[in-house]
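Okay, so the sequence shown: first residue is -11 according to this note's numbering, each after it adds one.
Beta carbons are placed, not taken as given, at the ideal position from N, Cα and C, and that holds for glycine.
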Amino acid sequence: LIALSACSGNKSEPTKTKSVESNNTMDMVQIPVGLNIGERAPDLEYPSPDGQLIKLSSLKGQVVLIDFWAGWCPPCRRENPNIVNTYHQFKDKSFKNGEGFTIYSVSLDKTKEEWVNAIAQDKLEWSSHVSDLKYWSSVPAALYQVRGIPASFLIDGNGVIIAKNLRGEALGAKLT
């Protein structure tokens, strides 16, 4: 069962994990790519509303919330003010494993108009908004095994997952 506080879909395929060498010479071990805490988040590269491809890995060095959401999802829209407030509170902060905080928003919208309108209405001011506009057939959602939204992954400056599905005050508490 999906919690009532999430919009859900049923399209998702499991992904294989693989080991990769860390680009950080300080790391002495390989960190596997996967979806569990302690694993390196799979890289994503999808178009922004203006068609520019944005890679998740381009945000390396910052703490990043990978936020799966959609303009048509009421629980997502109710969570957006918290995400906006948290963004403003932490965007310029220094962390143990990252400098600054940002969001990589992955939309499961079907139309560019719906997506862009929701970004504007909710004042989602960060620059990393991406979508393949495939609704529940979204490739990044399938890669991250997202079956309900909102869904999120918090990664450190090295791209390692440090928390999942933080909502409300829990996101700010984790960043603190």
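TODO: Scan the region 62 to 90 and note each continuous alpha helix (DSSP H) run of 4 residues or more that stays entirely inside, going in chain order.
DONE: 62 to 78
- [ ] May I ask you to report which of helix, strand or coil DSSP gives Ser10?
- [x] Unreliable placement is indicated for Ser10, whose pLDDT of 42 sits below 50; the coordinate value is still reported in the next sentence. If DSSP states are grouped into helix, strand and coil, Ser10 belongs with coil.
TODO: Would you decide whether Pro20 is buried or exposed? Buried here means 16 or more other CB atoms lie within 10 Å of its CB.
DONE: exposed
TODO: Kindly list the residues whose CB is nearer than 6 Å to the CB of Ala151, restricted to its own chain and excluding five residues on each side of it in sequence; keep chain order.
DONE: Leu142, Lys162
Task: Burial state of Glu67 (16 or more Cβ within 10 Å) - done: buried
- [ ] Specify the secondary structure class of Val134 as computed by DSSP and reduced to three states.
- [x] coil
- [ ] Report the residue from Lys84, Asp38, Trp103 whose alpha carbon sits nearest the alpha carbon of Val94.
- [x] Trp103
Task: Between the CA atoms of Thr99 and Leu131 - distance to the nearest angstrom - done: 21 Å
- [ ] With DSSP as the reference, please indicate the residues paired to Pro35 in a beta bridge.
- [x] Leu41
Task: Simplified DSSP state of Pro128, which is helix, strand or coil - done: helix
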